[in-house]
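*Asks:* Chains A and B, in that order, give the protein sequences. If you want my numbering, it's the 1-based position in the first sequence plus 81. If you want my numbering, it's the 1-based position in the second sequence plus 81. For glycine and all other residues, C-beta sits at the position ideal for the given N, C-alpha and C.
2 protein chains.
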Amino acid sequence: MAVFTDGYFTMNEDEAIEFTKAKLGFFPADAELTCKEIGDGNLNYVFRVVDVNSGKSIIIKQAGPVARISDEFKLSPDRNRIESEILSLQDKLAPGFVPKMYHYDPIMNCCVMEDLSDHEIMRGALMKHKQFPLFADHISTFMAQTLLLTSDVAMGHKEKKELVKSFINPELCEISEDLVYTEPFYDCPRNDVFPGSRDFVREFIWEDRKLSLETAKLKFEFMANAQSLIHGDLHTGSIFIKEDSTKVIDPEFAFYGPAGYDVGNVVANLIFAYVNALFTGPSDQVEYLERTISEVIDLFKEKFLALWDENSVERTARYEGFREYYLDSILRDTAAVAGLELCRRIIGLAHVKDITSIEQPETRAMAEKICLTAGKEFILNRELFKTGGDFAKAIRQSAAVFSK
Amino acid sequence: MAVFTDGYFTMNEDEAIEFTKAKLGFFPADAELTCKEIGDGNLNYVFRVVDVNSGKSIIIKQAGPVARISDEFKLSPDRNRIESEILSLQDKLAPGFVPKMYHYDPIMNCCVMEDLSDHEIMRGALMKHKQFPLFADHISTFMAQTLLLTSDVAMGHKEKKELVKSFINPELCEISEDLVYTEPFYDCPRNDVFPGSRDFVREFIWEDRKLSLETAKLKFEFMANAQSLIHGDLHTGSIFIKEDSTKVIDPEFAFYGPAGYDVGNVVANLIFAYVNALFTGPSDQVEYLERTISEVIDLFKEKFLALWDENSVERTARYEGFREYYLDSILRDTAAVAGLELCRRIIGLAHVKDITSIEQPETRAMAEKICLTAGKEFILNRELFKTGGDFAKAIRQSAAVFSK
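Here's what the structure looks like:
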C-alpha cells in the first residue's frame, strides 16, 4: 500500500486508485474503481478514475517533478497549487467555464477535478471541421469576466496586489519569455523550422531588425505589466468543448500579466484552425472560423465595456475617454500576442497539429507562410487593430498572398 | 524594565535606551547613553541614542501603529521590515548612498541605523540657499544603479520576480495612488488649497478633462508597471546631505514600479527649491538649481546607458534601438511624475515648505501657479522631454509667465 503523507512521488495508475480511496469521499463505498493515465500534455500526469458501477468519474492531475516538454525546463511542482487556486477563483469570476475542483493535495502535488470526458479538446475538434456556434459567446464571457474583474478597474487595489503576490509564477513565465518572445525571432538551436519554410523564416523574420525591436518591447511589457490575472496559455488545446459547453483547463501558466495575452492566444489558435481549413476543409469551415474570430473580438469588447460600467470601483476609471483608451490598449496587445503566437508555433520548439498535420510539403510551407505573414503584420501594426473586422481582414489578406 | 520580546509597543526615550542596551553590541560597555526623539516625519518615531563618553551614536526608527500623517491612513508596521531589507539591498547596488543598517527587530518593528546628524535634510538646506555641487552626480549614480540593476534588463527574470513578490507594498502604494494620482485632480475634501490659488486650481486643473484623462492613464501604469525596485518617495525631505555626501533615507514606500517615478520626484522637488529661490534667493541659487535639474537628467541618462552596456543579461535588451526606446520611456515617466508631484504638493494634503514658507500671499500664489503650470505641461507633453535642457526650458517658461 502506498502512503501519501510521507512525501511526494510520481503515481502510477494503481496508486492513483489508492489515492482516490484514501483521500476522497467522492465515490460510493462499494465503488469498483478503474484508472487510466491519459495525459498528452507536457507538464503533468493525468489519471482518469472511473467507478464501473455508478459510471461516476474524476480526473487526478499530478505535476511531474520535471516538465515533460523537455528536460531543460525544470519546474517547481508548486504549479498545481497555483492551478487549484486559480480554477476556484475563475469558477467564481466566470461560473461554468472551468472544471469543478474537488481536492488539492500539497504533498502529492496533485489536484482532483471534474471529469470532462464528454467534451473533446477543441483543437482536435476543429481539425475534424466541427463547428461550435456558441464558442465565441462563451470564450468572450470567460475572458471579459476573468480579465476585467481581476484588474485595478474592478478590484480594490490592495486586494489586487495580494493576488499579484500569490500568483507570481517565475518558472512558467520563463517558458513563455523564452519560447514565445525570444527564440522564434533568431536562429536559436532550439527552434524547429520546417525545411520548406526555412529560407522564408530567415529573410522575413530573423533578418527583420524592426520586427526584433518590437519583440523586445513586447517581452518587457509581458515581464512587467501586472494588469490582469491571465490564464497564460489559452490555446485551443487548453479548451474542452462540446456543442453547448466550453471549459477552459490547464491554467498553470496563470499570473498577473497583460490582459491581451489571453485574447491574442485565442485569436491565433483560431487562425491556425482557419489555415488548416483553407487547405483541408470545406469552405464553410473557413467562413465559420473567420466569423468566429471576428465575433470573439467584438463580443469581448462589448462585454468588457458593459462589465466596466457595472463593476468599476476606481474613480479615475470613470473619467471620460479612459474606458476606450484602456480597451484599445488591450486590443493592441491582443494583436501583438496573436502575432507572436502565430510565429512561435511555426518557428519555435512547440508546434500545433493544425499545421504539422498538413502532409503535402509545399502546402504545409504555404500554410506556414500565411501564418508568419499575418503574425508579422499583427506585431508591427498592432496599434491599428480595433475591431473583429480588422483582425479578419488581416487574415484574409495574408491568405490571399499565398493561396489562390 | 521594559521587555522587548513579548510584543510590540511604542517606545519612549528611556525605553529606546533600554532597547539599545538589551539588543545591540554597538556601544562600549561603559557607555553613558542619552536619547532624544527627533522624528518630524509622518510615519515613524525616530530616536537618536548617543554615548556621551565616546561620542558614538545611532538612530532607532520605530514604526508607529498608525501613520502619523493622518488617522485615516492605517499602515502595517511591516513597512520597517521592507525598509531594512531595502536599505541593505540599496547599499549593495549603490554603495555609500544610504545609511548603514545595523539591526532590524521584527517584534518592536524598528530598525537601527547609522546616525547622519552631521548631514542635514536637503529641503531645509536648499531653503537656506546652500549649494551642493556634487548632488547631481551622487543622485544620478544612486538612481541609475538602483533602477537599472533591479530591472529585467540586468537581473535574472526569475530572481527579479521573487524581489517583486517580497516588495509588494499595498498600504504605502495606496497613499501614493490617492494623494499623488487622484485627489489633487478634483475638488476632493481632503485637498488643502491656498485661498489665493483656488480659482486658478479650479479652472486650470480641475476643469481640464484632458488632464484628468492623462492622470488616469498614469495611475494605472503606476499600479501595474513592475519595472524597477523604486524608492517611491524620493523628495528632498528624504535626502540627508552635506558637501561631500548624499544619503537617501526613508525607503518605506519602496516597491516595483515605474523607474521614472524616482527621477520625477527628484526633479519636481528641485523645482520647488528653484521656485522658492526665484522669490527669496540670490539669482545664482536659481541658476544653480536650474543647472542641477538639467545635470540630474543628463547624468542619469549617461550612467544608465553605460550600466546597460555593462550589465544587460537579457538578449533582447541588446537589440538595436531598444536601449534608447527604454530610456525614452523612463524620461516620459519622469516628466509625468514630476508634473504630478508639482500639482499634488500645491493642491493636495501634503505640502512642501519651499512653497508654504513664502509669506506674502500674492507671491505664494504666484509661486504656486508657476508649479502648476510647469506640472501640467510635464503631464500633457511628457513624450517630448528627452534632455536636461528640455526640463530646464519648461521650468523657465512657466516661471516667465508669472514673474518678471
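1. Can you check whether the CB of Met-182 (chain B) is closer than 8 Å to the CB of Ser-165 (chain B)?
2. Using a Cβ-Cβ cut-off of 8 Å, state whether Asp-233 (chain B) counts as contacting chain A.
3. Using only alpha-carbon positions, find the residue among A:Ala-225, A:Gly-177, A:Val-348 and A:Lys-298 that is nearest to Ser-375 (chain A).
4. I'd like to confirm something about Asp-314 (chain A): is its beta-carbon nearer than 7 Å to some heavy atom of the ligand SAH, or not?
5. Can you grab the Cα-Cα spacing for the pair Asp-343 (chain A) / Lys-117 (chain B), in whole Å?
6. Tell me which same chain residues have a C-beta within less than 6 Å of the C-beta of Asp-172 (chain A), skipping the five on either side of it?
7. Hey, quick one: how far does the beta strand (DSSP E) through Met-194 (chain A) stretch, first residue to last?
8. Rank A:Val-482, A:Leu-423, A:Ala-417 and A:Leu-453 by C-alpha distance to the C-alpha of Leu-465 (chain A) and give the top, closest one.
9. Would you decide whether Leu-430 (chain A) is buried or exposed? Buried here means 16 or more other CB atoms lie within 10 Å of its CB.
10. Are the CB atoms of Glu-395 (chain B) and Phe-321 (chain B) nearer to each other than 8 Å?
11. Please look up how many angstroms separate the CB atoms of Val-245 (chain A) and Ala-398 (chain A), rounded, as I've assumed it's under 8 Å.
12. Answer with yes or no whether the minimum CB distance from Lys-211 (chain A) to chain B is below 8 Å.
13. Hey, does Leu-260 (chain B) have any beta-carbon neighbour from chain A nearer than 8 Å?
14. Using the DSSP secondary-structure output, state which residues sit across from Gly-338 (chain A) in a beta bridge.
15. How long is the line joining the alpha carbons of Ala-475 (chain B) and Thr-468 (chain B), rounded to whole angstroms?
16. Can you give me, in chain order, the residues of the segment 289-309 of chain A that have a beta carbon less than 8 Å from any beta carbon in chain B?
17. Report yes if the C-beta distance between Arg-413 (chain A) and Trp-389 (chain A) is below 8 Å; otherwise report no.
18. For Thr-115 (chain A), count neighbouring Cβ atoms within 10 angstroms of its own Cβ and tell me buried if that reaches 16, exposed if not.
19. Does any residue of chain A bring its CB to less than 8 Å from the CB of Thr-397 (chain B)?
20. In terms of DSSP beta bridges, what is Cys-452 (chain A) paired with?
21. For Lys-142 (chain A), list the residues DSSP reports as bridge partners.
22. Give me the subset of the segment 260-284 of chain B whose CB atoms are less than 9 Å from a CB atom of chain A, sorted by chain position.
23. On a Cα-Cα basis, can you pick out the residue from A:Gly-470, A:Gly-362, A:Phe-248 and A:His-432 that is closest to Leu-168 (chain A)?
24. Taking any Cβ of chain B, which residues in the segment 427-443 of chain A have a Cβ under 9 Å from it, in chain order?
25. Does any C-beta atom of chain A lie closer than 8 Å to the C-beta of Gly-402 (chain B)?
26. Where do the ends of the alpha helix (DSSP H) carrying Met-224 (chain B) lie?
27. Closer than 9 Å by beta-carbon distance: list the chain A residues that pair up with Glu-252 (chain B), in chain order.
28. Around the Cβ of Lys-328 (chain A), are there at least 16 other Cβ atoms within 10 angstroms (buried) or fewer (exposed)?
29. If you measure between the beta carbons of Ala-455 (chain B) and Leu-421 (chain B), is that distance less than 8 Å?
30. Are any of the Cβ atoms in chain A nearer than 8 Å to that of Tyr-126 (chain B)?
31. Determine the contact status of Phe-385 (chain B) and Leu-170 (chain B), defining contact as a CB-CB distance below 8 Å.
32. Which residue's Cα is closest to the Cα of Leu-260 (chain A): A:Pro-251, A:Arg-271 and A:Thr-415?
33. Using a Cβ cut-off of 7 Å, pull out every chain A residue sitting near Val-245 (chain B), in sequence order please.
34. Between the C-alpha atoms of Phe-100 (chain B) and Cys-191 (chain B), what's the straight-line distance to the nearest angstrom?
35. If we count the other Cβ atoms within 10 Å of its Cβ and call it buried at 16 or more, is Ser-309 (chain A) buried or exposed?
*Replies:* By the coordinates alone:
1. With contacts defined as CB atoms closer than 8 Å, Ser-165 (chain B) and Met-182 (chain B) qualify as a contacting pair.
2. Closer than 8 Å to the CB of Asp-233 (chain B) there is at least one CB belonging to chain A.
3. In terms of CA proximity to Ser-375 (chain A), A:Val-348 leads the group A:Ala-225, A:Gly-177, A:Val-348 and A:Lys-298.
4. Absent from the structure shown: the ligand SAH. Ligands present: none.
5. 57 Å
6. Result list for Asp-172 (chain A): Val-179, in chain order.
7. 191-195
8. A:Ala-417
9. buried
10. no
11. With 8 Å as the limit, Val-245 (chain A) and Ala-398 (chain A) do not qualify as a contact, their Cβ atoms being about 18 Å apart.
12. At a cut-off of 8 Å between C-beta atoms, Lys-211 (chain A) does not count as an interface residue with respect to chain B.
13. no
14. A:Ser-309
15. So the two alpha carbons sit approximately 11 Å from each other.
16. Arg-290, Ser-293, Leu-294, Thr-296, Ala-297, Lys-298, Lys-300, Phe-301, Met-304, Ala-305, Asn-306, Ala-307 and Gln-308
17. no
18. exposed
19. yes
20. In the DSSP output, where bridge partners are listed per residue, Cys-452 (chain A) has none listed.
21. BP columns for Lys-142 (chain A) point to A:Val-127 and A:Cys-192.
22. Tyr-262, Thr-263, Phe-266 and Tyr-267
23. A:Phe-248
24. none
25. yes
26. 216-230
27. Lys-239
28. buried
29. In this structure, the beta-carbon distance from Ala-455 (chain B) to Leu-421 (chain B) does not fall below 8 Å.
30. no
31. no
32. Checked all of A:Pro-251, A:Arg-271 and A:Thr-415; the closest Cα to Leu-260 (chain A) is A:Arg-271.
33. Under the 7 Å cutoff, chain A gives Ile-249.
34. 10 Å
35. buried
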